[in-house]
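Participant: In my numbering, the protein residues as written are 173 to 630. Sharing a structure with you now.
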Ligand SMILES: Cc1cc2nc3c(=O)[nH]c(=O)nc-3n(C[C@H](O)[C@H](O)[C@H](O)COP(=O)(O)OP(=O)(O)OC[C@H]3O[C@@H](n4cnc5c(N)ncnc54)[C@H](O)[C@@H]3O)c2cc1C
């Protein structure tokens with residue numbers, strides 16, 4: 173028997189149809205498996221649909237094409253608008269009784285992170301992911317009100333910071349200043365240089381130079397070259413600002429937020445930061461507080477410091493992550509990193525795996541999520557090869573009983589055929605409006621569009 177034959181016919185459940193879940197489904201189906209995807213959102217794609225910046229049309233459409241091909245595979249079932257977890261239509265325990273040979277959690281990292289600062293609940297404190305979902309039209313975030321203000325701090329210095337700054341300065345004309353607050357210095361910036369070009373036009377170059385001059389002694393104390401750092405952040409001839417966008421972008425390096433300052437109405441009026449120095453640590457540098465505190469006047473604060481997984485899904489969880497077997501002393505550390513670990517019974521949870529951002533929150537781009545899904549699936553396939561596959565008739569029967577349960581529990585579960593109808597409805601509106609794309613921003617509008625398309629075809 174070849175390896176591929178050994179895998180043939182198993183039934184695998186996947187929670188989440190973002191890039192990790194979809195690429196895992198592709199690989200499992202190619203190996204002969206049958207896959208059922210349960211997805212919280214009506215549409216598949218996760219952050220590829222609802223995270224990647226809205227103007228990156230080519231990238232988003234390229235990914236959608238790949239996802240359509242995966243969903244078109246007859247071995248893959250899709251149920252959108254169907255959440256798994258304590259607050260979902262199905263619980264993890266439900267899935268564990270549905271006869272899956274393996275369960276994979278690919279639900280991304282839906283929880284937000286903050287710093288536990290006094291004043292963090294103030295009006296005007298926001299989380300990057302909520303904003304990202306808002307401007308990418310994911311219900312219900314698409315209908316939330318965000319009190320953004322004129323002077324907004326973004327805490328964090330990664331790619332998500334770039335997208336938030338891009339949104340605030342380009343699409344919110346009321347924003348006059350965006351101040352990036354970072355614990356360490358310009359050398360420790362974490363965003364990809366190619367992403368920086370999207371916001372470079374907004375960066376106040378004079379202020380950037382002044383900020384670097386202010387920090388020069390602290391940078392040079394750890395052997396960093398202030399001139400080279402400025403040059404590194406002004407790589408191209410300063411691009412022109414888009415018309416009607418007058419806001420500017422500033423950096424406040426070596427600053428650890430310590431308090432969100434509020435007014436009598438509970439709104440943000442500023443951010444207190446502690447000035448930091450840098451100290452060498454294991455070949456890198458770390459920030460160390462100097463005991464000097466400064467107040468930055470602001471009316472909005474956005475945390476862009478990464479995410480945590482959603483513990484309501486029901487898998488063993490600690491400190492923002494699902495627990496895996498990775499820490500155990502195992503002969504196969506790669507596989508262990510994908511196996512969920514139950515700390516109560518001190519053993520691996522039977523046939524249960526995590527991949528993508530559910531395994532490592534906020535780690536990397538779509539390519540990384542794909543790679544992680546593929547390595548995770550190798551582990552799943554290795555385990556499946558040791559158990560007999562159900563006979564084809566049993567798989568058909570299980571898929572039907574899963575469908576029945578989904579229809580019983582979910583108010584309006586969306587199948588892959590209905591996704592095709594929805595996409596067609598959006599395409600027609602975009603063509604009519606001569607716009608690059610159109611997206612419904614409420615579940616009700618999506619469901620209505622699907623029903624209209626059905627009625628038209630009847
Ligand atoms: C702001 C931002 C911008 C980005 N820009 C880029 C970019 O330009 N280029 C790039 O390559 N990458 C980009 N990325 C990274 C990329 O989006 C991620 O690497 C990738 O989407 C992670 O895939 P995932 O499947 O692990 O998680 P996600 O994409 O988060 O997918 C999770 C899926 O699980 C579903 N789900 C969640 N909870 C449940 C539940 N309880 N039950 C059932 N389903 C559930 C969700 O509906 C979703 O479909 C960006 C990320 C962010 C946050």
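Quick reminder that beta carbons are idealized off the backbone N, C-alpha and C, glycines included. Bear in mind that the values here come from a model prediction, so they are computed numbers and not experimental data.
(1) Is residue 200 near ligand 1, with its Cβ less than 6 Å from a heavy atom?
(2) With a threshold of 6 Å (Cβ to nearest heavy atom), would residue 260 be considered close to ligand 1?
(3) Does the separation of the CB atoms of residue 431 and residue 444 fall below 7 Å?
(4) If you count every other CB in all the chains shown that lies within 10 Å of the CB of residue 288, and 16 or more means buried, which is it?
(5) Any heavy atom of ligand 1 closer than 6 Å to the CB of residue 282?
(6) Just reading off the alpha helix (DSSP H) that residue 538 is part of, what are its end residues?
(7) Quick check: is any heavy atom of ligand 1 less than 6 Å from the C-beta of residue 485?
(8) Assuming residue 250 and residue 591 form a contact by the criterion Cβ under 8 Å, report the distance between their Cβ atoms to the nearest whole angstrom.
(9) Report all residues from its chain with a CB closer than 7 Å to the CB of residue 305; omit the five preceding and five following residues, and keep chain order.
(10) When you compare each of 596, 385 and 602 to residue 629 by their alpha carbons, which one comes out closest?
(11) Beta-carbon within less than 6 Å of residue 339's beta-carbon, same chain only, minus the 5 sequence neighbours each way: which residues are those?
(12) What are the boundary residues of the alpha helix (DSSP H) that includes residue 600?
(13) Where do the ends of the alpha helix (DSSP H) carrying residue 462 lie?
(14) Going by C-alpha to C-alpha distance, which of 435, 344 and 542 sits closest to residue 235?
(15) Tell me, please, whether the CB atom of residue 198 is closer than 7 Å to any CB atom in chain B?
(16) Under the DSSP definition of a beta bridge, which residues are partnered with residue 249?
(17) Our contact map puts residue 163 next to residue 476 with C-beta atoms below 8 Å; I'd like the distance itself, whole angstroms only.
(18) Below 6 Å, is the gap between the Cβ of residue 314 and the nearest heavy atom of ligand 1?
(19) Can you tell me whether DSSP reads residue 421 as helix, strand or coil?
(20) Is residue 220 near ligand 1 - that is, is its Cβ less than 6 Å away from at least one heavy atom of it?
(21) Comparing the CB of residue 581 with every heavy atom of ligand 1, is any distance shorter than 6 Å?
(22) In the structure shown, what three-state DSSP assignment does residue 564 receive?
(23) Is it true that the CB of residue 301 sits closer than 7 Å to the CB of residue 544?
(24) Shortest alpha-carbon distance to residue 531 belongs to which of 494, 520 and 555?
(25) Measure from the alpha carbon of residue 319 to the alpha carbon of each residue in 565, 303, 502 and 210, then state which is nearest.
(26) So, does the region 267-283 touch the region 178-191, judging by three or more C-beta pairs under 8 Å?
(27) Go ahead and label residue 455 buried or exposed: buried means 16 or more other beta carbons lie within 10 angstroms of its beta carbon, across all protein chains shown.
(28) Which value, in whole angstroms, describes the spacing of the CA atoms of residue 537 and residue 364?
(29) Could you round the C-beta distance between residue 342 and residue 414 to whole angstroms and report it? I think they count as a contact, below 8 Å.
(30) Relative to the C-alpha of residue 229, which candidate in 607, 529 and 505 has its C-alpha closest?
(31) Check this for me: beta carbons of residue 329 and residue 474, under 7 Å apart or not?
(32) How would you label residue 419, buried or exposed, when you count the other beta carbons within 10 angstroms and need 16 or more for buried?
(33) Label residue 559 either buried or exposed according to how many other C-beta atoms from any shown protein chain fall within 10 Å of its C-beta, with 16 as the threshold for buried.
(34) Would you say the beta carbon of residue 512 comes nearer than 6 Å to a heavy atom of ligand 1?
(35) Starting from residue 389, trace the alpha helix (DSSP H) in both directions and tell me its first and last residue.
(36) Using only CA atoms, which one of 600, 263, 486 and 403 lies nearest to residue 372?
Facilitator: Walking through what the data contain:
(1) no
(2) yes
(3) yes
(4) exposed
(5) yes
(6) 538-556
(7) yes
(8) 7 Å
(9) 222 and 313
(10) 596
(11) 307
(12) 588-604
(13) Unbroken run through residue 462 is the beta strand (DSSP E), 456-469; no alpha helix (DSSP H).
(14) 542
(15) Among the chains in the structure shown there is no chain B, since it carries only a single protein chain.
(16) 208
(17) Only positions 173 to 630 of the chain appear in the structure, and residue 163 is not among them; the question remains open.
(18) no
(19) strand
(20) yes
(21) no
(22) helix
(23) no
(24) 494
(25) 303
(26) yes
(27) exposed
(28) 11 Å
(29) 6 Å
(30) 607
(31) no
(32) buried
(33) exposed
(34) no
(35) 377-392
(36) 403
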